[in-house]
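Asker:
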Amino acid sequence: MADYLLVVDMQSDYVAVGKAYHEELTTAVNDKIATYPSDRVIYILNRFFWERKDRKKKFATDLLVVSSRIFEKRRASCFTNPDLKNFLEGNSAKSIEFVGVDGNGCVKASVLAAVKENYQVSVDLSAVGVANQKKFSKTLKQWQDCGIKIG
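Just add 503 to the spot in the sequence shown (first one is 1) and you have our numbering.
(1) Any heavy atom of the ligand ADP within a distance shorter than 8 Å of the CB on residue 522?
(2) Answer with buried or exposed for residue 543, where buried requires no fewer than 16 other C-beta atoms within 10 angstroms of its C-beta.
(3) Measuring alpha carbon to alpha carbon, tell me which of 541, 595, 611 ends up nearest residue 573.
(4) Answer yes or no: do residue 529 and residue 583 have a C-beta to C-beta separation smaller than 9 Å?
(5) Quick one: give me the first and last residue of the beta strand (DSSP E) that residue 603 is part of.
(6) Any idea what DSSP makes of residue 505, helix, strand or coil?
(7) Could you please give the first and the last residue of the uninterrupted alpha helix (DSSP H) stretch that includes residue 532?
(8) Pull up the DSSP beta-bridge partners for residue 652, would you.
(9) Identify every run of the beta strand (DSSP E) within the region 566-593, keeping only runs that are complete inside it and at least 3 residues long; order them along the chain.
(10) Going straight from the alpha carbon of residue 505 to that of residue 597, what length do you get?
(11) From this set, 636, 635, 512, 641, which residue's C-alpha is nearest residue 562's C-alpha?
(12) Alpha carbon to alpha carbon, how far is residue 559 from residue 654? Give it in angstroms, no decimals.
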């Protein structure tokens, strides 16, 4: 188990009926969340640069929300939010596990940024949504080359 679990972009914008990701992913993410103490779960919400800050972002239906540790990002990597970086540093985090969407997008960017920030990084593939599986084989190779623990 890593020091913290980062749940990336599990929001109704992406995970819902008619969207690229469905209930199966939410179930897998919930199963992973349940293995962590609630104070070790961090949620990352994506807010595109054109979206107004006063518009409330909604988590995916049925997502297990066990913590009020919620950080927004406006770019692909969650490490572009200085508050997240400060929180992790302030709590002496050494390792991070990632789940969420998308394996070729925000999860990928966040995982690679975490490596650059010198964290031990792991990814639970059963709880990562990937829209383009063909492209994901390159992402997996990149992760393996960086020494990321893939489960």
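Using N, Cα and C, we set each Cβ at its ideal position, and we do this for glycine too.
Answerer: To lay it out plainly:
(1) Judged by which ligands are present, the structure shown has none, so any question about the ligand ADP falls away.
(2) buried
(3) 541
(4) no
(5) Start and end: 598-604.
(6) In the structure shown, residue 505 adopts coil according to DSSP, grouped into three states.
(7) 526-536
(8) Bridge pairing for residue 652: 625 [DSSP].
(9) 573-576
(10) Approximately 8 Å between the Cα atoms of the pair.
(11) 512
(12) Taking the straight line joining both Cα atoms gives about 33 Å.
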